[in-house]
Amino acid sequence: MRYTIDHKSPVPLHAQAEQLLRQMIEEEVYQNGKVFPNEIELAKKLAISRSTLRQAINKLVFEGLLVRRKRTGTKVAKSVVSSKSNNWLSFSQEMKLRGITIKNFESNISWVHPDEEIADFFEIKSERKVLKMEKLRGKPEGPFVYFVSYFHPRVGLTGEEDFTQPLYEMLEHEHSVVATLSKEEISAIAADEFIADKLHISVGSPVLFRKRFVYDHGERPIEYNLGFYKADSFVYTVESLR
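Counting along the sequence shown from 1, when you hit position 194 you're at 194 in full-length UniProt numbering, and nothing is skipped either side.
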């Protein structure tokens, strides 16, 4: 097929590029393992910037539709079973709706240099520090989830905010940042020593691992969140409406 971008269309270039990539994913040649054209070559053909193209690729990588590796290029990911939830809330809001009393066991704010994956998601250089928030939370009798969140510097967080309040409400009211899109990856992992110590479980115990990627109304990344849940203390429910 011929790949083109309509530069006169009101649809943002990155959104058009994303749709084009989704069409490419469905092509038999790419389903069979052919590597996508490299970013420089494809961006040139589409007459868009490499960063615009990368924004589209990043979304599909985090959806699990594409796999990108250094030296080997970008390929269509092998089929996996995935579920999407139509609604999402902050952890505090989720637990409040379930009638569960939550206790904060640990809370820590720091400024760190993001690793390559996080910097790539935020489309920033790894030399630029981002705010990192860590929370260990659970029921009064003990913790059952450890969260790590990283926030794009554009959000404007200072670290002095009251992070005990619902996160997305705080972002909207204090920083005029509205979280409108959340994409998640759910998998099962074995607890390493660090996570086992946090959740008071044995090394190797099953843990529900959730990655959450949060965007604003312009589909710009806001938050990169990791959640580690005790498998016997949490059930993740997906409700879909057709």
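Just so you know, even glycine gets a beta-carbon here, dropped at the ideal spot from N, CA and C. Quick caveat: nothing in here was measured; it's all calculated off a predicted structure.
Item	Value
Classify Ser149: buried if its beta carbon has 16 or more other beta carbons within 10 angstroms, exposed otherwise.	buried
Select from Ile201, Lys129, Gln31, Ala47 the residue whose C-alpha is nearest the C-alpha of Lys8.	Ala47
Along the alpha helix (DSSP H) that carries Ile25, what are the first and last residues, could you check?	13-26
Quick check on the burial criterion: 16 or more other C-beta atoms within 10 angstroms. Buried or exposed for Val11?	exposed
For Ile189 versus Phe209, is the C-beta distance shorter than 9 Å?	yes
How should Gln16 be labelled, buried or exposed, when 16 other C-beta atoms within 10 angstroms of its C-beta is the threshold for buried?	buried
Verify the contact flag: Lys135, CB atom, against every heavy atom of the ligand SAM, threshold strictly below 8 Å.	Inclusion of the ligand SAM in the displayed structure is not the case, the ligand content being empty and no account of it being possible.
Where does Thr4 fall in DSSP's three states?	coil
So, for Pro37: in the same chain, excluding its five sequence neighbours on each side, which residues have a beta-carbon less than 8 Å away from its beta-carbon?	Lys45
Hey, how far is the Cα of Val61 from the Cα of Ile102?	33 Å
Given a cut-off of 9 Å, decide if Lys139 and Ile100 are closer than it, judged by their beta-carbon atoms.	yes
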